[in-house]
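Okay, so the sequence shown: first residue is 14 according to this note's numbering, each after it adds one.
All C-beta atoms in this analysis are idealised placements derived from N, C-alpha and C, irrespective of residue type, glycine included.
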Amino acid sequence: MDIQKKKKIALVLSGGGIKAAAYHIGVCLALQEKGFKFSGGSKEIITLKKNASKPSEKLIELYVGSSAGAFISSTLASGRSLESLISAFQVGFGLNNSIKIHDDEKIKPIGYRHIFNMNTKRMLSFIPEALMQKSIITGGLESLIKKGFKLNGLFNTNGLERYLRKYILEENDFNRLGAELFIIATQLNHSRKTVFGNFKESTKTDTIKFVNYATISQAVAASAALPPVFAPYPIKKPDGKIIYHYDGEIRDTLSTHVAADHGADFIIASYSMQPYHYVPEIGSLHKFGMPAIINQALYQALEQKVAKHILYQQQKKDVYMSLKEICEDENLSGKLKERILSTVKKDLDLKPEIDYIYIAPRPQDYEMFFADHFSLNSKILEKIVKIGFKSGVTNLRALDN
Numbered sequence: 014m015d016i017q018k019k020k021k022i023a024l025v026l027s028g029g030g031i032k033a034a035a036y037h038i039g040v041c042l043a044l045q046e047k048g049f050k051f052s053g054g055s056k057e058i059i060t061l062k063k064n065a066s067k068p069s070e071k072l073i074e075l076y077v078g079s080s081a082g083a084f085i086s087s088t089l090a091s092g093r094s095l096e097s098l099i100s101a102f103q104v105g106f107g108l109n110n111s112i113k114i115h116d117d118e119k120i121k122p123i124g125y126r127h128i129f130n131m132n133t134k135r136m137l138s139f140i141p142e143a144l145m146q147k148s149i150i151t152g153g154l155e156s157l158i159k160k161g162f163k164l165n166g167l168f169n170t171n172g173l174e175r176y177l178r179k180y181i182l183e184e185n186d187f188n189r190l191g192a193e194l195f196i197i198a199t200q201l202n203h204s205r206k207t208v209f210g211n212f213k214e215s216t217k218t219d220t221i222k223f224v225n226y227a228t229i230s231q232a233v234a235a236s237a238a239l240p241p242v243f244a245p246y247p248i249k250k251p252d253g254k255i256i257y258h259y260d261g262e263i264r265d266t267l268s269t270h271v272a273a274d275h276g277a278d279f280i281i282a283s284y285s286m287q288p289y290h291y292v293p294e295i296g297s298l299h300k301f302g303m304p305a306i307i308n309q310a311l312y313q314a315l316e317q318k319v320a321k322h323i324l325y326q327q328q329k330k331d332v333y334m335s336l337k338e339i340c341e342d343e344n345l346s347g348k349l350k351e352r353i354l355s356t357v358k359k360d361l362d363l364k365p366e367i368d369y370i371y372i373a374p375r376p377q378d379y380e381m382f383f384a385d386h387f388s389l390n391s392k393i394l395e396k397i398v399k400i401g402f403k404s405g406v407t408n409l410r411a412l413d414n
């Protein structure tokens with residue numbers, strides 16, 4: 014693959030809490046070391062940067078983010094530097110001291126108060142009134158939980174929305190950004206996922222709704238509303254109707270198709286959920302109790318979705334390349350060859366010119382598995398950034414061939 018011939022490079026970042034955000038920062042540091050640059054800022058700023066840049070620069074111009082990946086993507090698309098992101102997360106004193114940041118680039122450090130905004134409006138329902146209703150009690154445990162436990166989340170993502178709006182985003186409208194940004198969320202009361210971005214109009218299919226009326230900070234808050242920790246996030250339509258959204262990873266772990274559908278021909282995808290693989294020094298997960306077992310079950314389910322997606326993409330490309338080779342071996346006319354290959358591309362929804370690189374933790378990175386999803390402990394985050402960096406360096410070696 015000749016990366017210099019690529020017309021548009023995209024970065025797709027998955028979710029997974031603060032842990033995933035730190036991992037993505039490490040991956041981005043690896044990309045930066047390999048010569049990639051991150052396009053970001055207003056349309057006017059990016060135009061000035063493009064005029065001053067070299068045509069051969071490996072510039073990431075399109076971002077797709079979900080949950081934690083939505084936070085990182087929107088921050089980069091806004092023009093903030095990786096160094097300022099590291100500063101905001103306070104990733105270890107040693108790492109911070111090795112990076113010089115100008116005062117005007119510094120971002121207000123993100124704290125627990127910005128992430129965990131108490132869901133006070135629903136807190137009183139934590140003690141269900143329905144406990145006093147005989148009909149509920151006699152209905153069994155499931156009925157009691159469904160009808161009595163009305164808390165829709167311990168926290169909400171209002172604090173995250175406010176932090177982005179006040180301290181990160183100089184431009185909070187998708188149509189004001191010079192880079193392309195797409196944020197993924199899931200509709201609570203439908204089976205569609207939502208793609209927020211700079212669309213001419215809001216449209217929908219049976220499985221996807223494309224939304225142009227939310228601000229960037231609102232879209233990120235919706236994408237990051239992971240149940241049951243965070244309550245679904247409400248977004249008001251122009252007609253006044255409120256649509257509730259929650260975590261963008263519910264339907265698709267990696268929405269690489271969004272980047273492909275918007276012209277990217279080289280897509281770099283980073284995801285952080287790697288199931289635990291047995292190592293003697295740690296032993297079996299059954300010793301660690303329910304939290305570790307639930308995490309493993311979730312990670313296995315998500316990894317399977319990603320693995321199937323990657324395999325399917327590769328199989329489609331293999332079929333196309335095999336047919337192309339057969340057409341050439343049989344000396345078919347150019348017109349017939351083009352007709353066959355065009356039909357295959359259409360029926361398989363294939364864009365053979367697109368190349369993908371997937372970056373994930375290695376199975377031996379068990380520290381990544383055991384790390385808290387929502388910890389701002391600087392030592393833990395520094396370790397995760399390093400894991401992300403190593404993962405990025407390892408997977409990006411394919412570009413050297």
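Item                                                                                                                                                                  : Value
May I have the straight-line CA-CA distance separating Leu354 from Ile323, to the nearest angstrom?                                                                   : 21 Å
In this structure, how does DSSP classify Lys56 when only helix, strand and coil are distinguished?                                                                   : helix
Could I get the ranges of all uninterrupted alpha helix (DSSP H) runs contained in the stretch 187-247, with 4 residues as the minimum, in chain order?               : 229-236
With a floor of 4 residues, list each alpha helix (DSSP H) that falls wholly inside the stretch 262-313, ordered by position along the chain.                         : 269-274
Cβ of Leu394 less than 8 Å from any chain C Cβ?                                                                                                                       : This model lacks chain C altogether, as it is built from one protein chain only.
Would DSSP call Ile123 helix, strand or coil?                                                                                                                         : coil
Quick check on Lys360: does DSSP put it in helix, strand or coil?                                                                                                     : Checking the displayed sequence, the identity of residue 360 turns out to be Asp instead of Lys. Reduced to three states, the DSSP call for Asp360 is helix.
On the three-state DSSP scale, how would you describe Ala33?                                                                                                          : helix
At what residues does the alpha helix (DSSP H) containing Ile16 begin and finish?                                                                                     : Run containing Ile16: none; DSSP gives neither H nor E here.
Ends of the beta strand (DSSP E) at Tyr76?                                                                                                                            : 71-79
At what residues does the alpha helix (DSSP H) containing Ile397 begin and finish?                                                                                    : 391-409
Count the CB pairs spanning the stretch 70-82 and the stretch 118-127 that are closer than 8 Å, and state whether there are at least three.                           : no
Short check: CB of Thr199 to CB of His258, under 8 Å?                                                                                                                 : yes
Three Cβ pairs or more, each shorter than 8 Å: is that satisfied between the stretch 401-410 and the stretch 370-385?                                                 : yes
Where does Tyr76 land, buried or exposed, given buried means 16+ other C-beta within 10 angstroms?                                                                    : buried
Looking at Gln287 and Phe382, is the spacing between their C-beta atoms short of 8 Å?                                                                                 : yes
Just to confirm, is the Cβ distance from Lys21 to Ala277 under 8 Å?                                                                                                   : yes
How far does the beta strand (DSSP E) with Ala384 in it extend, from its first residue to its last?                                                                   : Element bounds for Ala384: n/a, residue is neither H nor E.
For the candidate residues Lys254, Arg175, Thr269, whose alpha-carbon lies nearest to that of Val233?                                                                 : Arg175
Can Met131 be considered in contact with the ligand FAD, in the sense that its beta carbon sits closer than 7 Å to one or more heavy atoms?                           : Absent from the structure shown: the ligand FAD. Ligands present: none.
Do Leu167 and Val242 have their CB atoms nearer than 8 Å?                                                                                                             : yes
On the premise that Ser230 lies in contact with Arg178, defined as a C-beta separation below 8 Å, what is that separation, rounded to the nearest angstrom?           : 4 Å
Quick one: give me the first and last residue of the beta strand (DSSP E) that Ala373 is part of.                                                                     : Unbroken run through Ala373: none, as it is neither H nor E.
Between Lys19 and the rest of its own chain, which residues show a CB-CB distance below 6 Å, the 5 nearest in sequence each way excluded?                             : Asp278, Phe279
If the criterion is Cβ atoms closer than 8 Å, does the pair Pro245 and Leu201 meet it?                                                                                : yes
Look at the alpha carbon of Lys392 and the alpha carbon of Tyr226, and state the distance between them as a whole number of angstroms.                                : 39 Å
Below 7 Å CB to CB, which residues in the same chain sit around Asp413 once its five sequence neighbours on both sides are set aside?                                 : none
Tell me whether the beta-carbon of Arg205 lies closer than 8 Å to the beta-carbon of Ile181.                                                                          : no
Contact check, Ala90 vs Ala192 under 8 Å by CB: the rounded distance?                                                                                                 : 5 Å
In angstroms, rounded to a whole number, what distance separates the CA positions of Val224 and Glu343?                                                               : 47 Å
Bridge partners of Leu24, per DSSP?                                                                                                                                   : Tyr76, Ile281
Could you have a look at Leu412 and say whether DSSP puts it in helix, strand or coil?                                                                                : helix
Relative to the alpha-carbon of Arg264, which residue among Phe301, Thr228, Lys318, Pro247 has its alpha-carbon at the smallest distance?                             : Lys318
Since Ile255 is in the alpha helix (DSSP H), which residue starts that stretch and which ends it?                                                                     : Element bounds for Ile255: not the alpha helix (DSSP H) but the beta strand (DSSP E), 255-259.
Classify Thr266: buried if its beta carbon has 16 or more other beta carbons within 10 angstroms, exposed otherwise.                                                  : buried
Which residues in the same chain as Gln313 place their Cβ atom closer than 7 Å to its Cβ, once the five residues preceding and following it in sequence are excluded? : Pro288
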